[in-house]
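Asks: In the working numbering, the protein residues as written are 6 to 588.
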């Protein structure tokens, strides 16, 4: 009888529960952001959040033990229930956008924890967490040096427990994942054994050594463990159609299904190849006067790209050439602010080598923004160096791919006016909790889409004097983005083989073997990230075209409004900017 009597009381309580309205939402958003950061101290340090309810987050590592994983599940389940109680119709458009991000992050976290479960399948989860935990306080000057070194020492002391959790959780892993994790872990070992040890202040050297020795022993033990970890099978890295569809829907903001995205990408692959041929044909006549080969798209475009690739830096000059491209793009953006956008006021961009523990997935380069809570600190454009043990043949392959034109495209994408400019604008968003939310949990489609779109906008504005070589190189990058989407979908849902993937990249999209091999590896390490480049580019183009139909359209105003909104799902951004939602 008691159990039966409880049901009406529960129904009555549910009926009387007060919905969270506009007045309460700001507090809810703040709680969501800061509680989520506290759940991941390593991410909190990177975001500039250092203390939470008396805890010194900079001295902690994420808890990836079985108990810690269960705590994360409970955390996100609670948030799912709390967000369901928000009175969404009562919120204004900006606040509804925040709610959408919060719900997407919640569902993405639960999908990962409960279904995908990389914590029990992918050893890189532990390696990259540790690498970021040590590298951030070393590279980002968020506190006085001695304080940051004490954070490094505290995290070294916690490293054995983190790696022990990895050994307990991992029963098997795809062979490619174990191999990459070992390589990245070697980077962590070098960081702790050499880079950090040599840089440690003399006054803290003894404490550093005392913490580093057991941490290094645990890192070496982890690599031995990975060498013996059973291979989960040749296809175990594939996510599978059902899980992929769920993840894709969340990652892409629900604008299209997997099959719709694949059909669009394969259609555009043909269209962009034709564009490349139209540009390459007159260049071919210029480069090879009197030579009239058969009208073959692959032959004509391939020969022109080979000639363009001859304009490349020497192996020892790769970083110097990259620094030159940063200066060039900064100067061009300043000179063309009236056409494009007002450049950020801070000069906090630094070009550095990609941290070794991230080179498995960032084989070329990447970007790490300034902490959202401390935006005055350094923002890093990563460039992955050519390993010293590479043969001249391998090095030449990479330099042909990242020739003088491709390197400029990379810098535009990663830095100016790509990711660096995008995050600098986002760092001005108010209130603080909204800035953090959109920075930490923003849409990857927006982030990568802006970088692709902004590259084209730079070329349209006349960067390098409308160079046809640069335009052809950009179209090759667009082919790569399209191929990224095709690869990711077909590899994870349709059984595409490695041989088919390499053929697509090398034959259809003109990639060098070294570049294609790196992308093949990356495609095995991730899912639903590679399609964000092409999808985001298409969404930004659709949004611009919709707004251009309105009287008084200003390209500069469009760019700045889009950037001031932060990394929102493109459907939401379209609504905020007054365009029809994306189809």
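Note that the Cβ used here is the ideal one computed from N, Cα and C, for glycine as well.
Three or more C-beta pairs closer than 8 Å, one from the region 465 to 475 and one from the region 133 to 140: is that the case here?
Replies: These segments do not touch.
Asks: Less than 8 Å between the CB atoms is what I'm expecting for residue 356 and residue 388, so what's the real figure, rounded?
Replies: The pair is a contact, with the Cβ atoms about 6 Å apart (cut-off 8 Å).
Asks: Are residue 107 and residue 442 touching if we call contact CB-CB under 8 Å?
Replies: Yes.
Asks: Using DSSP's beta-bridge definition, name the partner residues of residue 91.
Replies: Bridge partners of residue 91: 25.
Asks: Write down the C-beta distance between residue 500 and residue 455 rounded to the nearest angstrom, noting that I regard them as a contact closer than 8 Å.
Replies: That belief does not hold up - the Cβ atoms of residue 500 and residue 455 are roughly 33 Å apart, past 8 Å.
Asks: The alpha helix (DSSP H) spanning residue 373 covers which residue range?
Replies: That residue, residue 373, is in no alpha helix (DSSP H); its beta strand (DSSP E) goes 370 to 373.
Asks: Could you have a look at residue 77 and say whether DSSP puts it in helix, strand or coil?
Replies: Note: residue 77 maps to helix in three-state DSSP.
Asks: Compute the beta-carbon to beta-carbon distance between residue 220 and residue 165, rounded to the nearest angstrom, for a pair I have assumed lies under 8 Å.
Replies: About 6 Å; that satisfies the 8 Å criterion.
Asks: In whole angstroms, what is the alpha-carbon distance linking residue 521 and residue 87?
Replies: Going from the Cα of residue 521 to the Cα of residue 87 covers about 45 Å.
Asks: According to DSSP, is residue 386 helix, strand or coil?
Replies: It is a strand residue.
Asks: Start and end of the beta strand (DSSP E) containing residue 357?
Replies: 354 to 358 is the extent of the beta strand (DSSP E) around residue 357.
Asks: Which same chain residues, not among the five before or five after residue 446, have their C-beta less than 6 Å away from its C-beta?
Replies: Excluding positions up to five away in sequence, the list reads 106, 110.
Asks: Please state whether DSSP places residue 57 in a helix, a strand or coil.
Replies: Of the three classes helix, strand and coil, the one that applies to residue 57 here is strand, per DSSP.
Asks: Under 8 Å, do residue 81 and residue 102 count as touching if we go by C-beta distance?
Replies: Cβ distance not < 8 Å, so residue 81 and residue 102 don't count as in contact.
Asks: Where does residue 301 fall in DSSP's three states?
Replies: DSSP places residue 301 in coil when its eight states are reduced to three.
Asks: Tell me whether the beta-carbon of residue 359 lies closer than 8 Å to the beta-carbon of residue 371.
Replies: Going by C-beta atoms, residue 359 is nearer than 8 Å to residue 371.
Asks: Which stretch, first to last residue, makes up the alpha helix (DSSP H) that contains residue 289?
Replies: Where residue 289 is concerned, the enclosing alpha helix (DSSP H) stretches over 263 to 292.
Asks: According to DSSP, simplified to helix, strand and coil, what is residue 582?
Replies: Coil.
Asks: When you compare each of 122, 149, 226, 150 to residue 167 by their alpha carbons, which one comes out closest?
Replies: It is 226.
Asks: Alpha carbon to alpha carbon, how far is residue 460 from residue 420?
Replies: Their Cα atoms are separated by approximately 10 Å.
Asks: Just the Cα atoms here: how many angstroms apart are residue 3 and residue 453?
Replies: Only positions 6 to 588 of the chain appear in the structure, and residue 3 is not among them; the question remains open.
Asks: Who are the near neighbours of residue 304 in its chain, counting only those whose CB is closer than 7 Å to its CB and skipping five residues on each side?
Replies: Hits under 7 Å: 298.
Asks: Out of curiosity, what's the CA-to-CA distance linking residue 462 and residue 276?
Replies: Approximately 19 Å between the Cα atoms of the pair.
Asks: Tell me where the alpha helix (DSSP H) around residue 411 begins and ends.
Replies: Looking at the DSSP string, the run of the alpha helix (DSSP H) that includes residue 411 is 409 to 419.
Asks: Taking the alpha carbon of residue 536 as the point to measure from, which residue in 507, 525, 549, 486 has its own alpha carbon closest?
Replies: The shortest C-alpha separation from residue 536 is found at 486.
Asks: What residue does the alpha helix (DSSP H) around residue 66 start on, and which one ends it?
Replies: Careful: residue 66 lies outside any alpha helix (DSSP H) and carries neither H nor E.
Asks: Residue 321 and residue 306: beta carbons closer than 8 Å?
Replies: No, the pair does not count as a contact, with Cβ atoms beyond the cut-off.
Asks: Just to check my reading of the structure: residue 251 and residue 116 have Cβ atoms closer than 8 Å, yes? What is that Cβ distance to the nearest angstrom?
Replies: About 6 Å separates the two Cβ atoms, so the contact holds.
Asks: Would you check if the region 392 to 408 and the region 328 to 345 touch, i.e. whether three or more CB-CB distances between them fall below 8 Å?
Replies: Result no; under three Cβ-Cβ pairs closer than 8 Å.
Asks: Rounded C-beta distance between residue 385 and residue 402? I'm assuming under 8 Å.
Replies: No, residue 385 and residue 402 are not in contact; Cβ-Cβ is about 26 Å, not under 8 Å.
Asks: In terms of alpha-carbon separation, which member of 313, 271, 134 lies closest to residue 291?
Replies: Nearest of 313, 271, 134 to residue 291, Cα basis: 313.
Asks: On the three-pair Cβ rule with 8 Å, is the region 389 to 396 touching the region 411 to 418?
Replies: Because the criterion of three Cβ pairs below 8 Å is not met, the region 389 to 396 and the region 411 to 418 do not touch.
Asks: Just verifying my parser: in three-state terms, what is the DSSP assignment at residue 433?
Replies: Coil, per DSSP.
Asks: Between residue 346 and residue 561, is the Cβ-Cβ spacing less than 8 Å?
Replies: Cβ distance < 8 Å, so residue 346 and residue 561 count as in contact.
Asks: Please work out which residues of its chain come closer than 7 Å, Cβ to Cβ, to residue 508, disregarding the five sequence neighbours upstream and downstream, and give them in chain order.
Replies: Cβ within range, chain order: n/a, list empty.
Asks: Going by C-alpha to C-alpha distance, which of 430, 196, 178 sits closest to residue 565?
Replies: The residue with the shortest Cα to Cα distance from residue 565 is 430.
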